Amino acid sequence: MFTVDQPALAILLCLLTMLCWGSWTNGQKIVTESAPLPLFYRDYVYGILAMALLLAFTLGSFGSKGRPLLTDVGQAEMANLLLALAGGVVFNVGNSLLAIGISRSGISIAMPIGTGLSLAVGLVVNYLAEPKGNLPLLAVGGGAVLAAIAFSALAYRSKEEKNAPAEHDQSGIWIALAGGLVAGFFFRIVSASMAKEPANPEAGLLTPYSALVLFSIGITLSNPIIERLTRRFGLADTGPAKTADRRLTLRQHGIGLASGLLWSLGMAALLLGSPQAGDAVSYGLSQGATIVSVLWGLFLWKEFEGAPARAYRYLWLMGIAYVVGLLLIVLARS
Numbered sequence: 180m181f182t183v184d185q186p187a188l189a190i191l192l193c194l195l196t197m198l199c200w201g202s203w204t205n206g207q208k209i210v211t212e213s214a215p216l217p218l219f220y221r222d223y224v225y226g227i228l229a230m231a232l233l234l235a236f237t238l239g240s241f242g243s244k245g246r247p248l249l250t251d252v253g254q255a256e257m258a259n260l261l262l263a264l265a266g267g268v269v270f271n272v273g274n275s276l277l278a279i280g281i282s283r284s285g286i287s288i289a290m291p292i293g294t295g296l297s298l299a300v301g302l303v304v305n306y307l308a309e310p311k312g313n314l315p316l317l318a319v320g321g322g323a324v325l326a327a328i329a330f331s332a333l334a335y336r337s338k339e340e341k342n343a344p345a346e347h348d349q350s351g352i353w354i355a356l357a358g359g360l361v362a363g364f365f366f367r368i369v370s371a372s373m374a375k376e377p378a379n380p381e382a383g384l385l386t387p388y389s390a391l392v393l394f395s396i397g398i399t400l401s402n403p404i405i406e407r408l409t410r411r412f413g414l415a416d417t418g419p420a421k422t423a424d425r426r427l428t429l430r431q432h433g434i435g436l437a438s439g440l441l442w443s444l445g446m447a448a449l450l451l452g453s454p455q456a457g458d459a460v461s462y463g464l465s466q467g468a469t470i471v472s473v474l475w476g477l478f479l480w481k482e483f484e485g486a487p488a489r490a491y492r493y494l495w496l497m498g499i500a501y502v503v504g505l506l507l508i509v510l511a512r513s
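Residues in the sequence shown are numbered consecutively from 180, following my numbering.
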């Protein structure tokens with residue numbers, strides 16, 4: 180199978196993760212302008228699975244290194260197979276809530292709030308599992324990320340101050356926070372099922388490609404249940420109430436699939452690049468996706484157009500706090 184053995188290529192793959200994870204939400208914004216969110220999200224999930232299978236049966240099955248997909252799955256211990264599947268379920272719960280938060284509050288607010296909390300939770304979970312790194316720097320870096328979340332909420336509140344109280348809806352912030360809280364656990368669950376050396380994987384563990392496929396299957400199998408639950412509690416009532424006949428156009432289906440393909444490509448790039456790039460660099464670069472998504476929200480979608488100057492000041496403070504937090508985390512894990 181294809182593996183990465185050059186640090187420079189590994190860093191490029193981590194940058195690719197940052198761009199993919201920071202950009203897939205544009206597809207959601209386009210489709211949900213005229214269709215309900217759950218219809219977009221189904222195609223997004225299918226796109227994640229399609230990319231995982233494509234990579235597994237091409238890059239993951241050729242070459243002399245590692246193990247081909249079917250061989251790798253066949254030799255894996257049941258506990259590791261279930262871990263990879265469970266990681267997909269946990270991710271899908273958190274990401275579904277994040278997508279709802281984006282629909283209600285916008286990319287430039289929901290992404291830093293949701294992924295910021297996910298980053299903070301991930302720091303704690305990973306440190307408890309493997310106590311590596313400078314604890315004071317990790318604590319200060321995590322605190323800076325939490326400050327960035329607070330500034331995002333203040334920016335949203337400032338933007339909405341001119342609206343009538345009845346129109347002032349902060350539910351998107353709380354839903355994004357809930358999504359981030361759940362999503363903070365998924366990567367640790369998946370990585371626990373994987374071999375440390377993809378080129379020479381230990382027996383019983385999974386290679387990146389097979390882990391990604393099982394992770395994607397977990398997302399796909401759990402999505403109908405999660406969609407039903409979000410509808411049951413009124414969380415999925417975002418965007419237009421219905422389309423003409425509950426169908427999307429071919430263009431809308433394509434955009435949803437492309438969004439999933441993009442996210443899955445980013446996940447694969449992170450799994451392949453992190454062993455060579457190092458945990459600190461790969462972790463910091465991938466979480467930079469939040470900044471990418473905020474830039475899309477501000478400049479492409481103009482989500483803060485007409486907002487008061489105070490809202491922009493909070494956004495600047497959010498960006499500075501988030502970058503400082505990431506830098507401290509990278510330094511602490513170096």
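Cβ atoms here follow ideal geometry from the backbone N, Cα and C, with glycine treated the same way.
For clarity, every value in this text was computed on a predicted model and none was experimentally measured.
| query | result |
| --- | --- |
| Check this for me: beta carbons of ALA189 and ALA374, under 7 Å apart or not? | no |
| How would you label ALA214, buried or exposed, when you count the other beta carbons within 10 angstroms and need 16 or more for buried? | buried |
| Taking only the alpha-carbon atoms, compute the straight-line gap between LEU191 and ARG411 and give it to the nearest angstrom. | 42 Å |
| Given the structure, does GLY463 come close to the ligand ATP, in the sense that its CB is under 6 Å from one of the ligand's heavy atoms? | Inclusion of the ligand ATP in the displayed structure is not the case, the ligand content being empty and no account of it being possible. |
| Rounded to whole angstroms, how far is the Cβ of LEU264 from the Cβ of GLY397, which I believe are closer than 8 Å? | 4 Å |
| Are SER395 and LEU233 closer than 7 Å when you measure CB to CB? | no |
| What are the boundary residues of the alpha helix (DSSP H) that includes ARG512? | 488-512 |
| State the start and end residues of the unbroken alpha helix (DSSP H) segment that holds PHE394. | 387-411 |
| Report all residues from its chain with a CB closer than 7 Å to the CB of LEU333; omit the five preceding and five following residues, and keep chain order. | TYR493 |
| Across the region 242-255 and the region 458-472, are there enough close Cβ pairs to call them in contact, namely three or more that are closer than 8 Å? | no |
| Which word fits TRP442, buried or exposed, when buried means at least 16 other C-beta atoms lie within 10 angstroms of its C-beta? | buried |
| Kindly indicate the opening and closing residues of the alpha helix (DSSP H) around GLU339. | 314-339 |
| Report the three-state DSSP secondary structure of MET373 (helix, strand or coil). | strand |
| Just the Cα atoms here: how many angstroms apart are ALA187 and CYS193? | 10 Å |
| Count the other C-beta atoms from every protein chain shown that fall within 10 angstroms of the C-beta of ASN274, then say buried if there are 16 or more, exposed otherwise. | buried |
| According to DSSP, is ASP184 helix, strand or coil? | coil |
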